[in-house]
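Scroll down for the structure; my scribbles are underneath it.
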Amino acid sequence: MNWQHHAKRAITGIVLTIFGLTVFFLCPPVCTTIFLVAVLFWILLNEWPPLMPYPAWARVSGTLFYPVAGFVFMALLNHSPYRNLLFATIFLPCLHDTAAYLAGSLFGRIGLSRFSPNKTWEGVAGGFAAIFVVIHSFAYNATWGYSFLIAAAVCALSTVGDLFESWLKRRAQIKDAGQSLPGLGGWLDRFDSIIFTAPFFWLLRAQIAWYFFDQII
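Following our numbering, the numbering of the sequence shown begins with 69 at its first residue and continues without gaps.
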């Protein structure tokens, strides 16, 4: 294992976590929206063009579907009565990615996809287990069935989002979407899973909010 790379990845992750928690919990909601808009514009201007060497119609339609739509759903959650769900929308895919990365690095044997050779089924299992344990431990109305379903949905959507971006990068013959986050790649590399899970949380916001919280706000 490349411990220097892992250390750089961990430090960047910790800094991002502290910054994100500060903006979300200690600042007005508009600050979170400003941050999301800034990240989206950075992705569209710097990281997205190399991934979309296609005709104009394909670039426009692809951009609206991914990544723009995911950020729109996050902004809608941020300015809705279900704002606290935005934390779960961002935190759970990040937890899945981190747990999947660690489990895959330590125990990975069975490859998941030719588009992303480093991802393994053992990593997916580790990501699912981490999500299940966390949400079942902390959700206000936790049941085994609901915990399993939500963990499975987040795990599946996070994995699909990760593989979709890996497919785009493989077609473009690049390793990371960017280099702005030391050890983690670019912003799209961090939001690829979140972009796919955000619609799920928005569309089922009332049901999921009941599961997670004793009150909506």
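Beta carbons are placed, not taken as given, at the ideal position from N, Cα and C, and that holds for glycine.
Remember, predicted model here, so these are calculated numbers, not experimental data.
Could you give the C-beta distance for residue i and residue j, rounded to a whole number, given that I count them as a contact under 8 Å?
i: residue 107; j: residue 206; result: In fact, because the Cβ distance is near 26 Å, the residues do not count as touching under 8 Å.
i: residue 112; j: residue 100; result: So it is not a contact: roughly 19 Å between Cβ atoms.
i: residue 145; j: residue 151; result: 6 Å
i: residue 188; j: residue 213; result: That belief does not hold up - the Cβ atoms of residue 188 and residue 213 are roughly 27 Å apart, past 8 Å.
i: residue 264; j: residue 228; result: 6 Å
i: residue 242; j: residue 121; result: The pair is not a contact, with the Cβ atoms about 11 Å apart (cut-off 8 Å).
i: residue 104; j: residue 139; result: 6 Å
i: residue 221; j: residue 233; result: That pair is no contact at about 19 Å.
i: residue 194; j: residue 170; result: 7 Å
i: residue 215; j: residue 261; result: About 19 Å separates the two Cβ atoms, so there is no contact after all.
What number of angstroms, rounded off, separates the C-alpha of residue i from the C-alpha of residue j?
i: residue 281; j: residue 123; result: 45 Å
i: residue 209; j: residue 269; result: 17 Å
i: residue 157; j: residue 87; result: 16 Å
i: residue 191; j: residue 175; result: 8 Å
i: residue 219; j: residue 199; result: 6 Å
i: residue 179; j: residue 96; result: 43 Å
i: residue 102; j: residue 184; result: 32 Å
i: residue 110; j: residue 255; result: 8 Å
i: residue 249; j: residue 83; result: 10 Å
i: residue 164; j: residue 204; result: 15 Å
i: residue 177; j: residue 98; result: 44 Å
i: residue 149; j: residue 273; result: 10 Å
i: residue 211; j: residue 114; result: 43 Å
i: residue 136; j: residue 143; result: 11 Å
i: residue 217; j: residue 276; result: 11 Å
i: residue 167; j: residue 202; result: 12 Å
i: residue 85; j: residue 236; result: 27 Å
i: residue 126; j: residue 74; result: 36 Å
i: residue 129; j: residue 141; result: 17 Å
i: residue 271; j: residue 71; result: 40 Å
i: residue 94; j: residue 162; result: 20 Å
So what does residue i bridge to, in DSSP terms?
i: residue 188; result: 179
For residue i, which option in the options has the closest C-alpha, if you only look at C-alpha atoms?
i: residue 81; options: 264, 141, 218, 252; result: 252
i: residue 15; options: 277, 194, 247; result: For the chain, the structure presents residues 69 to 285; residue 15 sits outside this window and is missing.
i: residue 134; options: 125, 116, 149; result: 116
i: residue 92; options: 74, 147, 238; result: 147
i: residue 278; options: 153, 201, 216; result: 153
i: residue 266; options: 224, 114, 72, 128; result: 224
i: residue 238; options: 217, 276, 186; result: 186
Counting only beta-carbon separations shorter than 9 Å, does residue i have a partner in chain B?
i: residue 253; result: Among the chains of the structure shown, chain B does not appear; only one protein chain is present.
Contained alpha helix (DSSP H) runs [length at least 4] in the stretch 193-281, N- to C-terminal order: Runs of the alpha helix (DSSP H) inside the stretch 193-281: 212-240, 255-271, 273-280.
What ranges does the alpha helix (DSSP H) occupy inside the stretch 86-118, keeping only unbroken runs of at least 4 residues that lie completely in it? With a minimum length of 4 residues, the continuous alpha helix (DSSP H) runs that stay inside the stretch 86-118 are 97-110.
Run through the stretch 115-182 for me and flag every whole alpha helix (DSSP H) of 4 or more residues, listed as ranges in chain order. Correct list: 124-131, 137-146, 152-175.
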